[in-house]
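These notes concern the structure reproduced below.
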Amino acid sequence: MNFDLTDERQMLQDGLRRLLADSYTPAAHKAIEEGDTGFSADIWNSLAEMGVVGALFGEDDGGFAGAGFDLALVFEEMGRVGAVDPLIDTAVLGGGLVAALGDDGQKKLVDEVIGGGAQLAFAHVEPTSRYDLARVDATAAKAGDGYALTGRKAVVVNAPAAEHLLVSARTSGKAADESGISLFLVPAGAAGLRLRSYPLVGGGQAAEVTLDNVPAELVGPEGGAYEAIAAANARAVLAISAEALGLMEVIKDLTIDYLKTRKQFGVPIGKFQVLQHRMSDVALEVEQARSAVINLAGHVDAAPEVRDVHVSATKNLIGTVARLVVEESIQMHGGIGMTNEYELGHLAKRLTMVDHRFGDADHHLERFIALAVA
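Position 80 (the sequence shown) corresponds to 85 in our numbering; numbering is contiguous.
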């Protein structure tokens, strides 16, 4: 099987790698950490101008790519620099769902996203949902020509910077039913909408969201949003898994360089056989993770019963390998690996947090077993 990139993807990778290397300087990282939005508007605009956001959408939605391998390519490069831009939240989740379910008027928002002029956040997770996509307690009631939303949403990434929230709420059924879930657009600053913002450990911003009879606009069919949410979530798992792969690769390279330069007893510590064996184990597991990402990229648009097995298999493996890579790299670096001034510190924190989005390793192991038995 040929895993070489097409000419178009090779050009995208080369250009994106150069752009990110020039953009994500130590000064840029510091400015982002001290800012209020969790990302750099200048870097975001550069990504949009280069067409990176458009690469996450298909031609029918105004983009020019959008396949699983396009997502994997973009997010692996983002991971290599520890990028914190909200591509998953604005493009893969928010923009992807509006593109899938929105009417012609609502889809103009997708054009704004691709052009870099709009920020979105997907408010779906709730305090009691625990990775269950069907667990939605927030409710939507008819109110005149629109709807009014009531409920709470947790860890809504990019909410502080978003012009619109895409909110899931139940229009019928019980709290864990797949049917009866609807999607709604809510403009930032809407009456009854309250956000409690905070920084995330791995970079970026999120918010706890409270909805109290918030006016909202229905997106897609009433009660029929679950399948689109599951499909967008699968693409988000691919994106964050590819980002984790990029983080693993650069952490591995940093650790190898450190082993070659740090001396103990007059020789580089990389000469010690026990550290060579540990580094070999890390390299082997990273290659295993790469295979899993490639496999998911090829199945992310498959039928749900096929797609979901690969989603859980990949996310479980990525979470397990990410923990190994972080622990081994920190241990082999020693105290310097925990300092903010050293690049590894930010990369390790971001890689650690990968396991806590879209289901951790334990959750996906249980889900994989259940899907395999079914």
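For each residue, glycine too, the CB sits at the ideal point set by N, CA and C. Predicted model, so just to flag it, every value in this text is computed and none were measured.
Measure how close the beta-carbons of residue i and residue j come, nearest whole angstrom, since I'm counting them as under 8 angstroms.
i: D182; j: A139; result: 6 angstroms
i: T266; j: M337; result: 12 angstroms between Cβ atoms; not a contact.
i: V89; j: A26; result: Their Cβ separation, rounded to whole angstroms, is 16 angstroms, which puts V89 and A26 out of contact at 8 angstroms.
Report the rounded CA-to-CA distance for residue i versus residue j, giving the unit in angstroms.
i: D217; j: V161; result: 17 angstroms
i: A321; j: G197; result: A quick correction: the sequence has Asn, not Ala, at residue 321. Cα-Cα distance, rounded: 38 angstroms.
i: Q380; j: A353; result: Residue 380 cannot be examined here, being either before or after the span of the chain that is shown, 6 to 379.
i: R283; j: A221; result: 54 angstroms
i: D150; j: F189; result: 13 angstroms
i: M383; j: E290; result: Past the boundaries of the shown model lies residue 383; the chain is included only from 6 to 379, so the question cannot be answered.
i: A239; j: S317; result: 9 angstroms
i: H315; j: H304; result: 7 angstroms
i: F80; j: A70; result: 14 angstroms
i: A346; j: R362; result: Reading off the sequence, residue 346 comes out as Glu, not Ala. Those two C-alpha atoms are separated by around 26 angstroms.
i: L24; j: G156; result: 41 angstroms
i: L98; j: K268; result: 47 angstroms
i: S334; j: L21; result: 26 angstroms
i: L349; j: A145; result: 45 angstroms
Going by C-alpha to C-alpha distance, which of the options sits closest to residue i?
i: E248; options: A72, Y29, F44 and L92; result: L92
i: T95; options: K113, D142 and L170; result: L170
i: E227; options: A193, A26 and G185; result: G185
i: T42; options: G340, Q15 and A167; result: A167
Got a sec, what are the start and stop residues for the beta strand (DSSP E) residue i sits in?
i: L138; result: Per DSSP, L138 belongs to no beta strand (DSSP E) and is neither H nor E.
i: E213; result: Q210 to V224
i: A174; result: H169 to R175
i: T155; result: G151 to V162
i: I186; result: I186 to P192
i: T144; result: T144 to A148
i: R362; result: Where R362 is concerned, there is no enclosing beta strand (DSSP E), given that its DSSP letter is neither H nor E.
Between which two residues does the alpha helix (DSSP H) carrying residue i extend?
i: F80; result: G73 to R85
i: V303; result: Rather than Val, the amino acid found at residue 303 in this sequence is Gly. G303 -> alpha helix (DSSP H) spans Q278 to H304.
i: T30; result: It is not in any alpha helix (DSSP H) - T30 carries neither H nor E in the DSSP assignment.
Quick check on the burial criterion: 16 or more other C-beta atoms within 10 angstroms. Buried or exposed for residue i?
i: V287; result: buried
i: E332; result: exposed
i: D108; result: exposed
i: P165; result: buried
i: K158; result: buried
i: M83; result: buried
i: M16; result: exposed
i: G110; result: exposed
i: G340; result: exposed
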